[in-house]
Amino acid sequence: MPLPEHTAEIQAYQDTGYDIALKSKGCWTVNSIQNVVESLAGFCQKYKNSTILWDVSAIEEIDSAGMMVFITYYDHLLTNKCSVTLKGITEKHQRLDTLVRQHSVSALEKNTLPFKNYLLSPFHSLGKWVVGLVTELILFMTFFGESSLIFFKSLMHPSRIRYAAIVKNIEQAGIQALPIVALTSFLIGIVITYQGAVQLEKFGANIFIVEMISISVTRELAPLITAIVVAGRTGSSYTAQLGVMKITEEIDAMKTMGFNPHHFLVIPRILALIITLPLLVFFADIIGIFAGMLISEIHLQLSFSEFLHRLQNVLDMKHVWIGIIKAPVFAVLIAMVSCFRGFQVEKNSDSIGRYTTISVVNAIFLVIACDAIFSVILTELGI
Amino acid sequence: MSDPVITVKDIVTQFGDNRVHDGVSLHINKGEIYGLLGGSGSGKSTLLKEMILLLQPQAGDITILGHSVINSTESERDLLRQRWGILFQNGALYSSLTVAENIAISLKEYTDIPMTLINDIVRMKIDMVGLPAHVKDFYPAELSGGMVKRASLARALARDPKLLFLDEPTSGLDPIGAESFDQLILELRAMLDLTVVMVTHDLDSILNTVDRLAVLARKKVAAEGTLTEVCQNPEPDIKAFFGGKRGQARLHQKNLE
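Sequences listed follow chains A and B, in order. Counting along the first sequence from 1, when you hit position 232 you're at 232 in this note's numbering, and nothing is skipped either side. Counting along the second sequence from 1, when you hit position 220 you're at 220 in this note's numbering, and nothing is skipped either side.
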């Protein structure tokens, strides 16, 4: 909001002995100076080789921005070979003039903008992107290697593992996640039962709903959905926690005191998630199948006892095991990526938000990609 | 040097049961560098926050540039906010913007000045606070402590304020950096007709730059005046502040000069 009472003015009038006379008035301050810039530029275009009288006596107030404008156009007139006579300069004006001239960067130094070729710039950015990607990959490999090394070292000295930190992380990542995992897997159970029931009813094959629910939930859906929920919930919090520690220099402090941040921060989080995720997946299995059983009773009139009886016959343990075995792999991926991104946070306010987003996106992508690899391998092996 | 720019009258501030100010009054004249002194917890930073409209005192009044801070409309407050510059203790530069963008932000938001002129002004301010020209594209995280203070000062000076508030300007600087910062404040005051209010407990800074000062102690102003006047004050709190070994050494040195 510009201050309303301030205006800067410049007027042209005729004076004997000069081609043109300019009169400046008002407040030539930062809040009002834009009023005169345009007309001054006009004068500079118009007058070349002229004699000019510039009356500045009516300027009530001038600050460094105003003086800067004055100097810019005064010098511009001089380069146009005009002879400019100034009238009404006070001692204060002169002081400010010296000050601004002393600190202004000359026009020559300003022209240092890099040359930009619009034809080449797409290749430039593509190259930059690829180099960035490769660097990130190498950094992640380094991180993965360092963490693994320390992980195996701590396995050899189990007494050094930070059990208290692991328990705390299990509580945050596991127990507190139970409600949301229960809700999502319940809803997934309902959705696939409804979709399957409609199709199976057409063939009168209602009873096969049991196979459909139990195998798809235990083998694929429960591990995948749980991993995605955990990636969004726990992965983001890991990144944010470590990021804040990086910003407040806690991590530097740990290093100087001889505490390896991988040992103290990363390993407990990875171990906590390795323990928690399979348990959460098993929990999701139960809830998902329960939801299927409920909808089968309502929609297909398949009683609980019939459902459970058939479940015992058709659900091989291997399906449950496959689902549960995937979970620790997902856990390692989620924990590694989110800790890695946390350590990448820089010292400014938006990098936490940026890296948290990246970490969740990366973690979910890796989980899905890994799940696809599992599917292909297990199918090829005929399991 | 006689008309007051800031008048503080009978300020009472209380956080819960903890009364920080109990009738604090002082005045700051045009063109002077005014020091707010006091030990930790004496409420000097709180007083500064009340002056710059970040906190509201429970009672009393503060008048700045003829506007009462306590009973002011929002438009009056906006007017005031455009007339002062503030240097926060840790710089408080916006970390997602470069130094140049930090300095330019208030010019961009509040005036219609063309971009080329803004860039010129930014370059001038950067030079004025003694920073090398190339730092303009740096982010605050890439600057050293002293550079952050200087960049933050350039931001405070962006719109040529008449009033400058400094919160511990020399804290965290090495003695050489602190001295050159003091020198900078003196130069800028002379060049730009600034009135400067600074919260500080750097004795060197006080001796080198401050014209008048107030010592806050026991929830009140224990003494106000020039350094010589304040030093002659027999109050035990003042004695404690200047009477220690460090204070005596500095004062003695000053007298020798």
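Backbone N, C-alpha and C define an ideal beta-carbon position, used for all residues, glycine too.
What do you reckon, are the CB atoms on residue i and residue j nearer than 8 Å?
i                 : j                 : result
Lys87 of chain A  : Ser57 of chain A  : yes
Ala158 of chain B : Lys136 of chain B : no
Leu93 of chain B  : Thr200 of chain B : no
Leu192 of chain B : Asp160 of chain B : yes
Val24 of chain B  : Leu163 of chain B : no
Gly235 of chain A : Ile334 of chain A : yes
Thr228 of chain B : Arg212 of chain B : no
Met445 of chain A : Phe264 of chain A : Because chain A in this structure spans residues 1 to 383, residue 445 of chain A falls outside the shown range and cannot be described.
Thr111 of chain B : Gln34 of chain A  : yes
Leu386 of chain A : Cys44 of chain A  : The structure shown does not extend to residue 386 of chain A, since chain A is modelled only from 1 to 383, so the question has no answer here.
Ile86 of chain B  : Phe165 of chain B : yes
Val337 of chain A : Asn362 of chain A : yes
Ser216 of chain A : Ile192 of chain A : yes
Do you know offhand how far residue i's Cα is from residue j's?
i                 : j                 : result
Ser171 of chain B : Thr13 of chain B  : 25 Å
Thr73 of chain B  : Leu80 of chain B  : 11 Å
Lys9 of chain B   : Leu47 of chain B  : 12 Å
Ala107 of chain A : Ser83 of chain A  : The pLDDT assigned to Ala107 of chain A is 49, lower than 50, so where the model puts this residue is not dependable, and the model offers no usable value.
Glu38 of chain A  : Met245 of chain A : 51 Å
Gly177 of chain B : Gly146 of chain B : 7 Å
Asp350 of chain A : Ile383 of chain A : 47 Å
Ile385 of chain A : Trp129 of chain A : Residue 385 of chain A lies beyond the stretch modelled for chain A, which goes from 1 to 383, so this question has no answer here.
Ile431 of chain A : Leu117 of chain B : No statement about residue 431 of chain A is possible, as the shown extent of chain A runs from 1 to 383 and does not include it.
Ile364 of chain A : Ile126 of chain B : 45 Å
Ser45 of chain B  : Arg218 of chain B : 15 Å
Ala240 of chain B : Tyr238 of chain A : 49 Å
Thr63 of chain B  : Ser24 of chain A  : 34 Å
Pro261 of chain A : Ser147 of chain A : 10 Å
Leu308 of chain A : Ala284 of chain A : 17 Å
Glu297 of chain A : Lys202 of chain A : 17 Å
Phe304 of chain A : Ala327 of chain A : 29 Å
Ala223 of chain B : Ser180 of chain B : 28 Å
Arg246 of chain B : Leu216 of chain B : 19 Å
Thr29 of chain A  : Leu153 of chain B : 19 Å
Leu381 of chain A : Ile295 of chain A : 34 Å
Ser42 of chain B  : Gln58 of chain B  : 17 Å
Leu203 of chain B : Asn31 of chain A  : 38 Å
Leu155 of chain A : Pro140 of chain B : 42 Å
Thr379 of chain A : His299 of chain A : 32 Å
Val281 of chain A : Asn18 of chain B  : 53 Å
Val360 of chain A : Ala222 of chain A : 19 Å
Arg219 of chain A : Ala372 of chain A : 12 Å
Glu60 of chain A  : Glu250 of chain A : 54 Å
Tell me whether residue i is buried or exposed, calling it buried when 16 or more other Cβ atoms sit within 10 Å of its Cβ.
i                 : result
Thr259 of chain B : There is no way to answer for residue 259 of chain B, as the model of chain B reaches only from 1 to 257.
Glu50 of chain B  : buried
Ala197 of chain A : buried
His21 of chain B  : buried
Ile120 of chain A : Looking at the sequence itself, residue 120 of chain A is Leu, so the reference to Ile does not match. With fewer than 16 other Cβ atoms within 10 Å, it is exposed.
Val131 of chain A : exposed
Thr16 of chain A  : exposed
Val329 of chain A : buried
Met115 of chain B : exposed
Ile377 of chain A : exposed
Leu315 of chain A : buried
His319 of chain A : buried
Tyr73 of chain A  : buried
Pro175 of chain B : exposed
Ile175 of chain A : exposed
Glu109 of chain B : exposed
Comparing the CB of residue i with every heavy atom of the ligand ATP, is any distance shorter than 7 Å?
i                 : result
Ala372 of chain A : The ligand ATP is not among the ligands present in this structure, which contains no ligands whatsoever.
* Okay, do the stretch 281-289 of chain A and the stretch 174-191 of chain A touch, 3+ Cβ pairs below 8 Å being the bar? -> yes
* Counting Cβ pairs, one atom from each stretch, are 3 or more of them under 8 Å apart for the stretch 157-171 of chain A and the stretch 263-274 of chain A? -> Enough Cβ pairs lie closer than 8 Å, so yes.
* **Where the stretch 111-132 of chain B meets chain A: residues whose CB sits under 7 Å from a CB there** => Residues Thr111, Asp112, Ile113, Pro114, Leu117, Asp120, Ile121, Arg123, Met124, Asp127 and Met128.
* What residues in the stretch 347-369 of chain A have a beta carbon less than 8 Å from any beta carbon of chain B? -> For the stretch 347-369 of chain A, which is checked against every Cβ of chain B, the residues closer than 8 Å are Lys347, Asn348, Ser349 and Asp350.
* To do: Check distances from the C-beta atoms of the stretch 38-49 of chain B to those of chain A and list, in chain order, the residues that come in under 7 Å.
  => none
* Asked: Can you list, in chain order, the residues of the stretch 134-166 of chain A whose Cβ is nearer than 8 Å to any Cβ on chain B?
  -> none
* Answer yes if the stretch 343-358 of chain A comes into contact with the stretch 202-210 of chain A, meaning at least three C-beta pairs across the two stretches below 8 Å, and no otherwise. => Judged by Cβ distances under 8 Å, the stretch 202-210 of chain A makes no contact with the stretch 343-358 of chain A, as fewer than three pairs qualify.
* To do: Report yes or no: do the stretch 133-140 of chain A and the stretch 229-248 of chain B share at least 3 C-beta pairs separated by less than 8 Å?
  => no
* Asked: If you measure beta-carbon to beta-carbon, which residues of the stretch 61-76 of chain A are closer than 7 Å to chain B?
  -> Residues Asp63, Ser64, Ala65, Met68 and Val69.
* Asked: According to a CB-to-CB cut-off of less than 7 Å, which residues of the stretch 49-60 of chain B neighbour chain A?
  -> none
* To do: Could you list the residues in the stretch 14-44 of chain A with a C-beta less than 8 Å from some C-beta on chain B, going in chain order?
  => Thr29, Val30, Asn31, Ile33, Gln34 and Val37
* **Contacting positions in the stretch 148-170 of chain B - beta carbon closer than 7 Å to chain A** => Arg159 and Asp160
* Asked: Listed in chain order, which residues of the stretch 132-143 of chain B have Cβ atoms closer than 8 Å to some Cβ of chain A?
  -> Ala133, Tyr139, Pro140 and Ala141
* Select from the stretch 170-199 of chain B all residues with a C-beta closer than 8 Å to any C-beta belonging to chain A, and list them in chain order. => Met191 and Leu192
* Determine which residues of the stretch 85-102 of chain B have a Cβ less than 7 Å from any Cβ of chain A, and write them out in chain order. => Ser95 and Ser96
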